[in-house]
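Here's the structure, in structure tokens; my notes come after.
Numbering (our numbering), first residue to last: 1 to 508.
Put into structure tokens, the structure is as follows:
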């Protein structure tokens with residue numbers, strides 16, 4: 001077993017009460033073991049690489065401390081541990097610095113002595129003690145996942161996190177950005193059941209230990225964070241996490257069953273609403289789930305590309321709507337979610353556009369979901385849910401292949417415009433459209449796309465910049481350049497309509 005360094009020991013839970021009083025601190029010598037001296041007047045035998053522990057407390061400003069520091073250094077001690085934590089006298093500090101001997105203090109030096117000897121020479125005992133402690137604590141813990149993680153963290157005296165394959169926190173203390181990035185760059189996307197625990201060394205000197213939790217639902221990881229490297233402790237943590245992982249998997253499986261049961265209940269009820277006037281039984285079930293069937297409804301369809309845990313990620317979608325102040329019903333459907341927002345009265349056109357802008361922001365909040373979104377028109381009553389969701393589904397289908405709109409379409413922005421767009425695909429209009437846009441076709445900055453997005457977003461520079469992923473000032477500069485090159489005024493509705501149709505047809 002590699003001897004732990006002094007700096008690593010100072011991060012160990014067993015040395016939580018040990019403080020540095022003087023002398024060299026970083027990076028600190030390796031500590032091969034610990035030896036006890038009963039009083040400050042004693043003379044230690046040769047002890048190269050060991051920690052000299054003095055049990056008898058005395059005034060740290062006493063001249064005998066100076067003599068003890070000299071004797072410890074002459075004996076080859078790696079560091080000196082005194083009883084008590086009061087500061088050293090000025091002379092002792094200067095002597096410790098000159099001799100480069102770390103001087104430590106602790107209210108319980110004997111406990112620190114025993115812990116160092118254990119981690120330095122009995123790593124198997126450290127591992128066995130922690131595993132036994134974990135098993136005993138798990139038997140006493142509650143059945144919920146939070147309790148298991150809290151218990152494990154208490155056993156290790158280290159932060160413990162349940163992380164997804166993307167490094168996102170599923171439960172426990174959140175990972176730092178540095179930790180998340182390092183974890184994702186190391187762990188496999190699909191671990192095998194017999195895979196060994198993974199160790200990730202961070203630039204800061206800290207260590208992450210990760211064990212796969214396999215069971216129902218996507219793969220996730222049990223991650224412990226150790227701020228320092230005490231080899232015996234680092235070696236013991238994987239054994240503890242391996243014992244805890246099945247308990248976490250069991251609780252995840254139970255939670256998964258609850259999620260899927262609730263998802264089936266919501267999906268079944270929505271199916272009844274989509275196929276005719278709701279019965280009294282359907283209305284009662286809707287009330288039980290908190291769904292409001294009367295009022296004015298705006299349907300929303302959120303589709304996803306790639307593999308997404310629709311049931312597991314529903315909470316993220318609900319949270320995104322809540323963050324924008326939108327009270328939405330969210331139901332798992334196919335490869336995404338159907339949702340709707342209900343208002344007591346018919347919204348004004350301004351309120352509809354404000355709501356659509358908020359829904360677009362919801363889409364942006366779903367950072368780890370490659371989502372495309374369609375929004376239907378406002379419709380009244382229970383049947384309005386089905387009507388608006390059908391329109392939202394059609395809009396989402398169009399939005400999926402239209403990156404220039406941010407893969408977002410609102411039916412109020414379609415209607416007649418879609419009929420006009422069909423006309424622009426004729427052989428008569430397309431040559432004229434290309435000629436109209438020729439002055440900006442080969443200009444740097446993809447001005448044709450910028451123009452299309454600007455007009456699609458109703459002349460909003462902020463929305464244009466967000467869709468294109470550029471700064472607002474860059475978007476403004478491009479629009480000014482477009483007007484100059486084309487010799488047009490985008491405030492003129494006739495010129496806007498012609499350019500809108502032309503930009504659309506050149507990109508279809």
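Every residue gets a Cβ at the ideal spot worked out from N, C-alpha and C, and that includes glycine.
Can you look up residue 296 in the DSSP assignment and give me helix, strand or coil? strand
With the cut-off set at 7 angstroms, would you say residue 335 and residue 304 are in Cβ contact? yes
Assumed close pair residue 382, residue 273 - CB separation to whole angstroms, cut-off 8 angstroms: 6 angstroms
Can you name the start and end residues of the alpha helix (DSSP H) that residue 221 belongs to? Where residue 221 is concerned, there is no enclosing alpha helix (DSSP H), although the beta strand (DSSP E) it sits in stretches over 220 to 226.
Nearest by alpha-carbon distance to residue 63: which of 484, 41, 56 is it? 41
With DSSP as the reference, label residue 474 as helix, strand or coil. helix
Do three or more CB pairs link the region 87 to 97 to the region 48 to 62 at distances below 8 angstroms? yes
Should residue 287 go down as buried or exposed, given a rule of 16 or more other Cβ atoms within 10 Å for buried? exposed
Boundaries (first-last residue) of the beta strand (DSSP E) holding residue 208: 207 to 213
Output the distance between the C-alpha atoms of residue 404 and residue 453, rounded to the nearest integer angstrom. 6 angstroms
Given that a residue counts as buried once 16 or more other Cβ atoms are within 10 Å of its Cβ, and exposed if not, what is residue 275? exposed
Residue 501 - DSSP class collapsed to helix/strand/coil: helix
For residue 431, count the other beta carbons within 10 Å of its own beta carbon; 16 or more makes it buried, fewer makes it exposed. Which is it? exposed
Cut-off 7 angstroms between Cβ atoms - residues of its own chain near residue 108, not counting five sequence neighbours on either side: 17
When the Cβ atoms of the region 201 to 216 are set against those of the region 128 to 146, are three or more pairs found closer than 8 angstroms? no
When burial is assigned at 16 or more other CB atoms within 10 Å of the CB, is residue 264 buried or exposed? exposed
In three-state DSSP terms, what is residue 345? coil
Can you list, in chain order, the residues of its chain with a C-beta nearer than 7 angstroms to that of residue 235? Leave out the 5 residues immediately preceding and following it. 123, 127
According to DSSP, is residue 144 part of a helix, a strand, or is it coil? coil
Find out if the Cβ-Cβ distance for the pair residue 376, residue 399 is shorter than 7 angstroms. no
DSSP on residue 367, reduced to helix/strand/coil? coil
Leaving aside the five residues before and after residue 22 along the sequence, list all residues of the same chain whose C-beta is less than 6 angstroms from its C-beta, in chain order. 88, 93, 96, 103
To the nearest whole angstrom, what separates the beta carbons of residue 37 and residue 44, a pair I think is in contact under 8 angstroms? 6 angstroms
Assign residue 303 to one of three DSSP states: helix, strand, or coil. strand
Could you give the C-beta distance for residue 222 and residue 200, rounded to a whole number, given that I count them as a contact under 8 angstroms? The Cβ separation is near 13 angstroms, so there is no contact.
On the three-state DSSP scale, how would you describe residue 75? coil
Judging by CA-CA distance, which residue of 53, 75, 114 is the nearest neighbour of residue 14? 114
Suppose the cutoff is 7 angstroms on Cβ atoms and the five residues either side in sequence are ignored; what does the same chain contact list for residue 180 look like? 167
Roughly how many whole angstroms lie between the Cα atoms of residue 283 and residue 337? 21 angstroms
In chain order, what residues of the same chain lie with their CB nearer than 6 angstroms to the CB of residue 259, ignoring the 5 residues before and after it? 311
Coil, strand or helix - residue 61 by DSSP: coil
Mind checking whether residue 81 and residue 53 have CB atoms under 7 angstroms apart? yes
State the DSSP-derived secondary structure class of residue 171, mapped to helix, strand or coil. strand
Look up residue 291 in the DSSP assignment and say whether it is helix, strand or coil. coil
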